Amino acid sequence: MGLPLSRRSCGHARRTRGSSSAVAGLPLADTVRRADEAGAAVEELAREGLWSAQTPQAFRRDLLERARAAAGDRTFSDDAAAVAAAGLPVRMVLGERRNLKITTTEDLGYARELVAKGLVGIPALQPR
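Numbering-wise, the working numbering comes out as the position in the sequence shown, counting from 1, plus 61.
In structure tokens form, the structure reads like this:
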């Protein structure tokens, strides 16, 4: 993920009237199936309109604080879910396929492999 994606997300959050939030992501391309407890596929979900959320997620500070206060003891998978649960709009911004979201230790191991093989780099952020 490069700095342009961060700037694009933050810029969208600043410019969008009525939203003031932006979450990078990709329209879902994979087939999604719901399975029962035994692992049997019971339903294929329509992927139209579904996005895979990435980072960065950008929010106007007051909206994020309001969403966190409204959340109370509830937990959410990310800040965008808390903002949406508070009834505030969240806009999706086209992300990048190479923007790895590291959530699990397996994700971290995969990212380390890519860096070790020189297939991806970690951009150095320079202060403005």
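Idealized CB from N, CA, C, for every residue including glycine. Keep in mind that this is a model prediction, so the values were computed, not measured.
I'd like the span of the beta strand (DSSP E) that includes residue i, first residue to last.
i   : result
S81 : Here S81 belongs to no beta strand (DSSP E), and DSSP marks it neither H nor E.
Would a C-beta distance cut-off of 7 Å place residue i and residue j closer than the cut-off?
i    : j    : result
L111 : L89  : yes
A142 : A128 : no
G156 : A85  : yes
R28  : A83  : One cannot answer for residue 28 here, as it falls past the ends of the chain, which runs 62 to 189.
A102 : R94  : yes
R122 : S81  : no
Q118 : D140 : yes
Run through DSSP, which three-state label would residue i get?
i    : result
V93  : strand
L175 : helix
M62  : In this predicted model, M62 has a pLDDT of only 49, less than 50, meaning its place in the structure is not dependable; the value taken from the coordinates is given anyway. Three-state result, M62: coil.
A101 : coil
P88  : strand
Apart from the five residues just before and just after residue i, which ones in its own chain have a Cβ nearer than 6 Å to its Cβ?
i    : result
A172 : L161, I163
L175 : V181
S113 : G86, L87, L89
Continuous alpha helix (DSSP H) assignments of at least 4 residues falling wholly in the region 107-169: The region 107-169 contains these whole alpha helix (DSSP H) runs: 122-132, 140-146.
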